[in-house]
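Participant: Take this structure, written in structure tokens, and hold onto it; I'll ask about it next.
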Amino acid sequence: VTSGSVRALARPSREGLACALVHAGVAEPRAEALARDSARNLAVLRRLMPSAPGRLPSWAREAPPRALLAALLVGGWDENGEADRACLAQVADLPYETVTAALLPYVGDFDSPLQKIGSTWRITSPRDAWILLARYLSGSDITRFEAAAQAVLGAADPRFHMPDQDLGMAAMRGVRAPYSGLLRHGIAQVLILLALWGDEIRTVAHAAQRADAIVRALLRHADAQRWWSLSGDFQLLAEASPPAFLDAIED
Numbered sequence: 313v314t315s316g317s318v319r320a321l322a323r324p325s326r327e328g329l330a331c332a333l334v335h336a337g338v339a340e341p342r343a344e345a346l347a348r349d350s351a352r353n354l355a356v357l358r359r360l361m362p363s364a365p366g367r368l369p370s371w372a373r374e375a376p377p378r379a380l381l382a383a384l385l386v387g388g389w390d391e392n393g394e395a396d397r398a399c400l401a402q403v404a405d406l407p408y409e410t411v412t413a414a415l416l417p418y419v420g421d422f423d424s425p426l427q428k429i430g431s432t433w434r435i436t437s438p439r440d441a442w443i444l445l446a447r448y449l450s451g452s453d454i455t456r457f458e459a460a461a462q463a464v465l466g467a468a469d470p471r472f473h474m475p476d477q478d479l480g481m482a483a484m485r486g487v488r489a490p491y492s493g494l495l496r497h498g499i500a501q502v503l504i505l506l507a508l509w510g511d512e513i514r515t516v517a518h519a520a521q522r523a524d525a526i527v528r529a530l531l532r533h534a535d536a537q538r539w540w541s542l543s544g545d546f547q548l549l550a551e552a553s554p555p556a557f558l559d560a561i562e563d
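Count along the sequence shown from 1, then add 312; that gives the number in our numbering.
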């Protein structure tokens, strides 16, 4: 490299980043968690390590638009899915086209809070974004999120009624869940963030308890189809509210 020239370095792999942290003295479980939660972004990694605080990103220096808060609350979505688009619009309380237009400036930079790949959008690092933005959430935002969580995670998967041998043909036959797996996973992840760091929401008392209430409502009197539809979300729901999940299993 000649003097004054700039070389762009490839983003490190998750395994490589975790290995480097372990060699730096970070315990392996924490190193793996940091590598995962940072989304392989070194700027995010610095903010997640209290001993090495990073510079506050530009998108977190002032109150964010409602669209970015809605993206934070859903975690990710596929814009090719009509139900996904409707969910984001409902959480933002804005038309979908207005939401995405407001989100475009938050995509594409090194330290952007959002990633867009093809038709999918996702929060780069949910934990990092939550710590930086949750203080701007209002009671109305959380109420709309609760309704979205019940609608998305409580949606019946029509594949439940298909014979086991036909499940592999479900997509070809046009039989698919109403919401994308990306949206379901994102909302379930936000339930965990709400349970762990609900106190970051300054205007909502006992916000962390709302995660427990959502999980309990989802599993209360759940029938076979509800359990089957939620089978891919069990781990996240159990992390969001261990007591509610265990109580439902015992019932």
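The C-beta atom is built at its ideal place from N, Cα and C for all residues, glycine as well.
Which runs of the beta strand (DSSP E) at least 3 residues long sit entirely within the region 384–462? Give them in chain order.
Facilitator: Counting only runs of 3 or more, we get 388–390, 426–429 and 432–435.
Participant: Nearest chain C C-beta to H497 closer than 9 Å, yes or no?
Facilitator: Although the question refers to chain C, the structure presented lacks it and comprises just one protein chain.
Participant: Would you report the Cα separation of A336 and D478, rounded to the nearest angstrom?
Facilitator: Roughly 50 Å between the two C-alpha positions.
Participant: Counting along the chain, where does the alpha helix (DSSP H) carrying L548 start and finish?
Facilitator: Where L548 is concerned, the enclosing alpha helix (DSSP H) stretches over F546 to A552.
Participant: Please list the terminal residues of the continuous alpha helix (DSSP H) segment that includes L346.
Facilitator: E340 to D349
Participant: Just how far apart, CA to CA, sit A463 and H518?
Facilitator: 23 Å
Participant: Looking only at its chain, what residues have a beta carbon closer than 7 Å to the beta carbon of D535, apart from the 5 residues adjacent to it on each side?
Facilitator: none
Participant: At a threshold of 8 Å, does L508 count as lining the ligand PLP (C-beta to nearest heavy atom)?
Facilitator: Of the ligands one can find in the structure shown there are none, so the ligand PLP has no counterpart to examine.
Participant: Mind checking whether R522 and L508 have CB atoms under 9 Å apart?
Facilitator: Result no, Cβ atoms of R522 and L508 do not sit closer than 9 Å.
Participant: Tell me the DSSP secondary structure of S492 in three-state form.
Facilitator: Reduced to three states, the DSSP call for S492 is coil.
Participant: Under DSSP, the alpha helix (DSSP H) around R538 begins and ends at which residues?
Facilitator: A536 to S541
Participant: Starting from L333 and walking both ways along the alpha helix (DSSP H), at which residues does that stretch end?
Facilitator: R326 to H335
Participant: With H, G and I counted as helix, E and B as strand and the rest as coil, what does DSSP make of I499?
Facilitator: helix
Participant: Do A441 and P417 count as a contact pair if the criterion is CB distance below 9 Å?
Facilitator: no
Participant: Tell me the rounded alpha-carbon separation between Q402 and Y491.
Facilitator: Rounded to whole angstroms, Q402 to Y491 spans 14 Å at the Cα level.
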